[in-house]
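Worksheet: one structure, shown below.
In full-length UniProt numbering, the protein residues as written are 1 to 133.
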């Protein structure tokens, strides 16, 4: 499973058991950190998740800024809550790739803004799986 942490929505994507195909799920809307962690735990059980990949926003100069530090903190919370391995993965350009895919599919970005995070999570998961297969 991959997560793309955004300020309003958390994108989620999963793969099949053979890790061949991926698909985005409905994004999670963050209400409280505790509720979100419970939602992630539930998804992990529902989809028999073994590893969680979380997109890490690094700058082009490879620096870890304030947003990346928040993601690292979030990743530690997810790992503690689920007991699963959490891997931080470079998410550079994933949102742009997701937006391009939506535009090519003829979707209005304003109307489908929340979907961008889950499509970005799918891009993150595809990237991770292609490097580890």
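Idealized CB from N, CA, C, for every residue including glycine.
From the listed residues 26, 15 and 9, the smallest Cα separation to residue 124 is found for 15.
Around the Cβ of residue 31, a 10 Å sphere holds fewer than 16 other Cβ atoms; the residue is exposed.
Beta-bridge analysis with DSSP links residue 37 to no other residue. Here residue 49 has 1 as same chain residues with Cβ atoms under 6 Å from its own Cβ, once five neighbours each way along the sequence are excluded. Boundaries for residue 58: no beta strand (DSSP E) harbours it, and the DSSP string shows neither H nor E there. In the displayed model, residue 12 falls within a strand according to three-state DSSP. The count of Cβ pairs closer than 8 Å, one atom from the segment 68 to 85 and one from the segment 33 to 42, reaches three, so the stretches are in contact. Comparing alpha-carbon positions, the option among 107, 12, 130 and 133 lying closest to residue 55 turns out to be 12. Straight-line spacing of the CA atoms in residue 85 and residue 75 works out to 10 Å. The shortest CA-to-CA distance from residue 126 to any of 106, 6 and 23 is the one to 23.
Annotation for residue 26: the continuous beta strand (DSSP E) segment containing it runs 22 to 29.
Around the beta carbon of residue 6, 16 or more other beta carbons sit within 10 angstroms, so the residue counts as buried. Between residue 20 and residue 128, the CB-CB gap reaches or exceeds 8 Å.
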